[in-house]
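K.L.:
A single structure is presented below for examination.
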C-alpha cells in the first residue's frame, strides 16, 4: 500500500494544482467544511483529532481547530516530513503510519476524509480492525448518500461509498456536512454504534 500511494503522490496522479493530495483538497472544494468543522468540534466537545490520512495539510492548516491535540498520519514519508517541518508544534504532530496495520494514537475523533473511497473492501476491513484497537468516540468520514450499490475496487483506484448501504449498512449518521460537490458529504458516526452493529467490519 505504501508504494501505491507514494507513487500517486510523487506523480501527482490525481492532478491537484493547489495540493498534491489532489483536487479534493482545493480550498474551493472544502470551503463548506472549513466553515462547519469548528462548530462541529465545539458541539460534540472534540478536544483531540486523529486525521488519517492528513495529506499535505493544505486546507486543514487554515482552520482554527481550537483543540488540545491534532495527530496527522500519512503513509507517504515525504508528506510527513514536510508537514512536521512546516507545522509541528505542541498541539500538532505528524506521524508516518499505514492505517491498516500500524499503531495509532487514541483521540476523541478520527477524521478519515477521502481514504476509504480509495481502498478495496478487504483493506477497508483491515482499516476498521486496526482502528478498533484504540478508543475513539466518533468517526468523521467521506460518505455519498445517493449511491445505491457499493462497488469493490483495487486499492489505489476510486469509487464513491454510501456507508448506509451493504456491505456496511451503518445507521444514519449523526451529522452530514455537504461539500462543494453537493452529492459528497463528510459524515459523523459514533464509533461505539458502528462497532456494536457491524460485526462484518471487526
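In full-length UniProt numbering, the protein residues as written are 1 to 202.
Don't be surprised by glycine CBs; every beta carbon is placed ideally from N, CA and C.
Where residue 94 and residue 55 are concerned, what is the direct C-alpha to C-alpha distance, given to the nearest angstrom?
P.N.:
Between residue 94 and residue 55, the C-alpha separation is close to 10 Å.
K.L.:
Go through its chain and collect everything with a Cβ distance to residue 173's Cβ below 6 Å, but skip five positions before and after it.
P.N.:
187, 188, 189
K.L.:
From which residue to which residue does the beta strand (DSSP E) around residue 177 run?
P.N.:
175 to 178
K.L.:
Which residues in the same chain have their Cβ closer than 8 Å to the Cβ of residue 38, if we skip the five residues on either side of it in sequence?
P.N.:
Here the set comprises 63, 64, 65, 66.
K.L.:
Can you tell me whether DSSP reads residue 141 as helix, strand or coil?
P.N.:
strand
K.L.:
Does DSSP put residue 45 in a helix, a strand or coil?
P.N.:
coil
K.L.:
Could you please give me the residues that DSSP links to residue 6 through a beta bridge?
P.N.:
Here residue 6 is not bridged, per DSSP, to any residue.
K.L.:
Going by CA-CA distance only, name the one from 41, 96, 127, 196 that's closest to residue 169.
P.N.:
Considering only 41, 96, 127, 196, the residue with the shortest C-alpha distance to residue 169 is 196.
K.L.:
Go through its chain and collect everything with a Cβ distance to residue 231's Cβ below 7 Å, but skip five positions before and after it.
P.N.:
Given a span of 1 to 202 for the chain in the structure shown, any question on residue 231 remains unanswerable.
K.L.:
Where in the UniProt domain "Methyltransferase" (49 to 132) do unbroken runs of the alpha helix (DSSP H), each at least 4 residues long, occur, reported from the N-terminal end onward?
P.N.:
77 to 87, 121 to 131
K.L.:
Quick one: give me the first and last residue of the beta strand (DSSP E) that residue 187 is part of.
P.N.:
Run containing residue 187: 185 to 190, per the beta strand (DSSP E) assignment.
K.L.:
Which same chain residues end up closer than 6 Å to residue 71 when comparing Cβ atoms and leaving out the 5 residues on each side of it in sequence?
P.N.:
50, 93, 105
K.L.:
Excluding the 5 residues preceding and the 5 following residue 98 in the sequence, name in chain order all residues of the same chain whose CB lies nearer than 8 Å to its CB.
P.N.:
Excluding sequence neighbours, residue 98 sits near 1, 2, 75.
K.L.:
Does the separation of the CB atoms of residue 185 and residue 143 fall below 8 Å?
P.N.:
yes
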